[in-house]
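J.: Chains as they are written, first to last, in this note's numbering: chain A, 35 to 301; chain B, 609 to 917.
Provided herewith is a single structure, encoded as structure tokens, for subsequent inquiry.
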Amino acid sequence: MVKVWAIARTSWQETIRRQVFYIVLLVTLLVGLIIGSQMVLVRMAGAAGEAAAVAQIRASFIGTALQVWNAAVIFLAIFLGAITLSSEVSKKTIVHVLSRPVSRSAYLAGRWLGVLMFLWAFLALGVALSLLLAHYFNVGWTPMASVAVLGMFIKAAFFSGIAVAMSTFMVPMLAGCVSFVLYVLLPSYAVQGLHNPAWTPRILANALYYLLPARMPVDLLGESFSQQMIRPEYALYLEILTENSLYVLAAFAVGCWILGRRELRLR
Amino acid sequence: MSSSAVIEIEGLTKTFGSLWHRQRIRAVSDVSLLVERGSVVAFVGPNGAGKTTTIYALLGLLKPDQGSIRLFGNPAGSLEARRRTGFQSEIFYTYGFKTADQALRFYGELSGMPKERIAEAVPRQLARLGLADAASRRVRDFSKGMVQRLGLAQALLHGPELLILDEPTTGLDPEGRKLVADIILEEKARGTTILLSSHILSDVERTCDHVVMLRKGGVAFAQNMARLRADSDAWEIEVLKWTDSARAAVPGAEVQDKANGVSVVRCGNAAKQAVLLKLLQEGAEIGSVRQASSLEDIYMNFTGASSNG
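Laid out in structure tokens, this is it:
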């Protein structure tokens with residue numbers, strides 16, 4: 035465990051120095067500011083005495099801000115997960131790590147843990163900002179928002195873990211793209227294709243439905259601050275989140291198995 | 609299999625290339641090697657001879673196409689083999705954002721050293737390598753030579769039984785080179801088995817017990833250094849100042865003129881005493897008398913190229 039922790043700390047230190055993080059942070063804040071411009075409407079609605087509209091705009095702003103932050107985290111998770119192994123190989127720092135008595139699975143776990151700690155810290159910052167805003171705007175923090183935030187943390191683990199696992203046998207660019215296509219685009223296709231009248235896409239959609247991780251039946255973030263909230267099924271949401279956690283652990287185990295059998299070609 | 613053997617390589621063959629690359633390069637071909645406990649073995653050979661490939665296979669980073677490698681009786685790359693091995697690569701690739709102290713602590717943790725041992729070993733190794741004053745400096749601010757010395761410090765940190773050093777003097781100044789050679793001799797005296805890959809033949813002659821010369825992926829020559837020295841018949845007499853009569857007194861000897869008026873007279877062992885006596889009688893000023901470098905001659909014979917050292 036000491037070895038995994040040592041590698042994780044180093045992975046964290048590397049990640050926090052990556053330029054991409056600062057670019058994503060800047061873009062996220064800028065998008066947040068642009069979305070924040072809708073607060074002008076709050077002033078207008080307030081002046082018109084539309085208290086309900088004011089509350090709705092404020093709640094919607096917090097939900098949207100969280101969604102933007104979530105998208106940034108997913109991008110960072112895929113990107114950082116895909117490059118965490120290859121950057122060590124290209125810089126050859128991996129040589130003096132793996133020449134020590136460190137198993138490859140412990141090494142990969144440490145690299146992933148470092149990225150994950152960073153993503154979760156970034157996510158925690160976004161959630162903290164949202165909570166502050168909710169408090170400032172007097173917007174109620176619903177139980178569904180808490181589940182949605184939990185889902186965001188699990189998503190960060192999911193996408194980074196999948197990208198790390200993919201990067202054990204793919205170049206980082208491909209690992210990132212494949213992770214994005216497989217786990218961001220294809221699940222929507224699978225759900226839509228289940229009812230396709232043509233049998234070929236329907237079979238494919240059915241296969242994908244069972245191969246890909248489970249999808250949330252509702253957009254938790256979108257629903258969290260909605261005034262007409264659906265009847266929440268928390269047990270189902272938690273079951274899906276657990277299932278996805280197990281899915282990524284299985285994918286990570288496959289990644290460890292591949293890395294353990296792979297030789298390191300250093301040029 | 610010898611019970612005292614630390615490294616056992618049998619028929620190691622490694623080819624690079626893939627299904628997509630038509631050209632396949634055989635980096636190492638049928639290399640066999642036995643390194644006994646406590647010995648210092650030099651790996652010499654021109655660039656591309658297969659030294660680093662063999663070393664990476666020893667560490668388990670590369671997998672042999674054919675043949676077997678065992679370290680301390682364990683398969684290469686096994687945790688037990690790596691636990692007892694210290695390795696320094698030609699260039700020490702490490703994390704520039706860490707300080708020297710942090711970097712060594714990191715490698716200590718990876719070696720499974722307890723905290724107390726790390727706390728004791730890190731400053732000791734930094735001082736040993738002349739880096740005590742730079743302990744809190746970031747590695748990215750180090751000179752090339754300092755990075756190399758830090759690389760040796762991390763290899764020595766956990767007190768390994770086997771040291772694998774891949775051109776450890778790359779980028780070092782003469783002082784640094786001497787320091788590395790001294791450390792190799794200290795470790796040798798401590799009983800550490802050392803596999804040293806180097807282009808600096810004078811260092812190899814000074815520190816190693818055995819020499820293995822690789823060429824085009826195969827073992828071209830392997831010999832015990834003591835035997836090599838004994839077999840060498842040539843001697844070199846360094847003459848600092850000549851007299852006219854002295855030069856005429858040794859007509860049969862081979863004289864090579866060097867810089868600043870210094871010359872080297874080469875002669876066989878049998879003629880050595882007579883030549884020396886004549887030179888002294890005729891008033892020549894003698895600088896030194898030493899056995900000629902046989903390893904360099906052999907290297908040149910086998911590789912047909914000059915060494916990088």
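Just so you know, even glycine gets a beta-carbon here, dropped at the ideal spot from N, CA and C.
Small disclaimer: the values here were computed from a predicted structure and weren't measured.
Name the two residues that bound the continuous alpha helix (DSSP H) containing B/T660.
T.: As a working mapping, residue 660 of chain B is identified with position 52 in the second sequence. Counting along the chain, the alpha helix (DSSP H) containing B/T660 begins and ends at 659-666.
J.: Kindly list, in the order they appear in chain A, the residues whose Cβ is closer than 9 Å to that of B/F695.
T.: If you number the second sequence from 1, residue 695 of chain B lands on position 87. Result: V129, H130, S133, R134.
J.: Can you list, in chain order, the residues of its chain whose CB lies under 8 Å from that of B/G568, leaving out five sequence neighbours each side?
T.: Past the boundaries of the shown model lies residue 568 of chain B; chain B is included only from 609 to 917, so the question cannot be answered.
J.: Under 8 Å Cβ-Cβ, which residues of chain B neighbour A/Q53?
T.: Translated into the one-based positions of the first sequence, residue 53 of chain A becomes position 19. By Cβ distance, chain B contributes nothing, its closest Cβ being about 14 Å from A/Q53, past 8 Å.
J.: Just the C-alpha distance for B/R785 and A/S164, rounded to the nearest angstrom, thanks.
T.: Taking the second sequence and counting its residues from 1, the one referred to as residue 785 of chain B is at position 177. Taking the first sequence and counting its residues from 1, the one referred to as residue 164 of chain A is at position 130. Between B/R785 and A/S164, the C-alpha separation is close to 59 Å.
J.: Kindly list, in the order they appear in chain A, the residues whose Cβ is closer than 8 Å to that of B/G762.
T.: Working through the second sequence from its first residue, we reach residue 762 of chain B at position 154. The question names Gly, but residue 762 of chain B is Gln in the sequence shown. Within 8 Å Cβ-Cβ: H130.
J.: Quick test of your reading: A/W103 and A/F286, contact by CB under 8 Å. State the CB separation rounded to the nearest angstrom.
T.: By 1-based counting over the first sequence, the position of residue 103 of chain A is 69. By 1-based counting over the first sequence, the position of residue 286 of chain A is 252. Rounded, the Cβ-Cβ distance is 25 Å, inconsistent with contact.
J.: Using a C-beta cutoff of 8 Å, does A/L298 count as contacting chain B?
T.: Counting from one through the first sequence, the residue named residue 298 of chain A turns up at place 264. Closer than 8 Å to some Cβ of chain B, the Cβ of A/L298 qualifies, so yes.
J.: Flag this pair as touching only if the segment 124-139 of chain A and the segment 695-707 of chain B have three or more C-beta atom pairs under 8 Å; answer yes or no.
T.: Output reads yes: the segment 695-707 of chain B touches the segment 124-139 of chain A.
J.: Please state if the CB of B/S806 and the CB of B/E769 are separated by a distance shorter than 8 Å.
T.: Along the second sequence, one-based indexing puts residue 769 of chain B at 161. Along the second sequence, one-based indexing puts residue 806 of chain B at 198. Their beta carbons are not under 8 Å apart, which means B/E769 does not touch B/S806 by this criterion.
J.: Could you tell me which of B/T801, B/I894, B/G825 sits nearest to B/C816, measuring between CA atoms?
T.: Position 208 of the second sequence, counted from the first residue, corresponds to residue 816 of chain B. Closest by alpha carbon: B/T801.
J.: Classify B/M609: buried if its beta carbon has 16 or more other beta carbons within 10 angstroms, exposed otherwise.
T.: Numbered from its first residue, the second sequence carries residue 609 of chain B at position 1. With a pLDDT of 49 at B/M609, under the threshold of 50, the predicted position of this residue should be treated as unreliable, though the coordinate-derived value follows. Exposed, by the Cβ-count rule.
J.: In whole angstroms, what is the alpha-carbon distance linking A/V161 and A/A155?
T.: By 1-based counting over the first sequence, the position of residue 161 of chain A is 127. By 1-based counting over the first sequence, the position of residue 155 of chain A is 121. Cα-Cα distance, rounded: 10 Å.
J.: Using alpha carbons as the reference points, say which of A/V88, A/F152, A/R77 lies closest to A/F113.
T.: As a working note, residue 113 of chain A is residue 79 in the first sequence. Nearest C-alpha to A/F113: A/F152.
J.: Should A/Y56 go down as buried or exposed, given a rule of 16 or more other Cβ atoms within 10 Å for buried?
T.: If you number the first sequence from 1, residue 56 of chain A lands on position 22. Answer is exposed; the Cβ neighbour count stays below 16.
J.: Out of curiosity, what's the CA-to-CA distance linking A/A40 and B/S719?
T.: Here residue 40 of chain A refers to the residue found at position 6 when the first sequence is read from its first residue. Here residue 719 of chain B refers to the residue found at position 111 when the second sequence is read from its first residue. Cα to Cα, the separation comes out at about 11 Å.
J.: Count the other CB atoms, across all protein chains shown, that sit within 10 Å of the CB of A/N278; report buried if there are 16 or more and exposed otherwise.
T.: Reading the first sequence from its first residue, position 244 is the one you call residue 278 of chain A. Flag for A/N278 reads buried.
J.: What did DSSP end up calling B/A613 once you bin it into helix, strand or coil?
T.: Reading the second sequence from its first residue, position 5 is the one you call residue 613 of chain B. DSSP places B/A613 in strand when its eight states are reduced to three.
J.: Report the start-end ranges of each alpha helix (DSSP H) in the segment 616-656 of chain B that is 4 residues or longer and not cut off at the edges.
T.: Counting only runs of 4 or more, we get nothing.
J.: The alpha helix (DSSP H) that contains B/V883, what's its start and end?
T.: Along the second sequence, read from residue 1 onward, the residue named residue 883 of chain B stands at position 275. Taken as a continuous stretch (DSSP letters only), the alpha helix (DSSP H) holding B/V883 covers 877-889.
J.: Is it right to say B/W843 is buried, meaning 16 or more other beta carbons lie within 10 angstroms of its own, or is it exposed?
T.: Counted from its first residue, the second sequence places residue 843 of chain B at position 235. Buried, since its Cβ has 16 or more Cβ neighbours within 10 Å.
J.: Just the Cα atoms here: how many angstroms apart are B/E846 and B/K866?
T.: Here the question's residue 846 of chain B lines up with position 238 in the second sequence. Here the question's residue 866 of chain B lines up with position 258 in the second sequence. If you take the alpha carbons of B/E846 and B/K866, they lie about 10 Å apart.
J.: So B/L836 and B/V819 are supposed to be a Cβ contact under 8 Å. How far apart are they, rounded?
T.: The residue you call residue 836 of chain B lines up with position 228 of the second sequence. The residue you call residue 819 of chain B lines up with position 211 of the second sequence. Yes, they are in contact, since the Cβ atoms of B/L836 and B/V819 sit about 7 Å apart, within 8 Å.
J.: Tell me B/A842's beta-bridge partners as DSSP assigns them.
T.: Within the second sequence, residue 842 of chain B is the residue found at index 234, counting from 1. Bridge partners of B/A842: B/G876.
J.: So what does DSSP say about A/G80, is it helix, strand or coil?
T.: Along the first sequence, one-based indexing puts residue 80 of chain A at 46. Helix, per DSSP.
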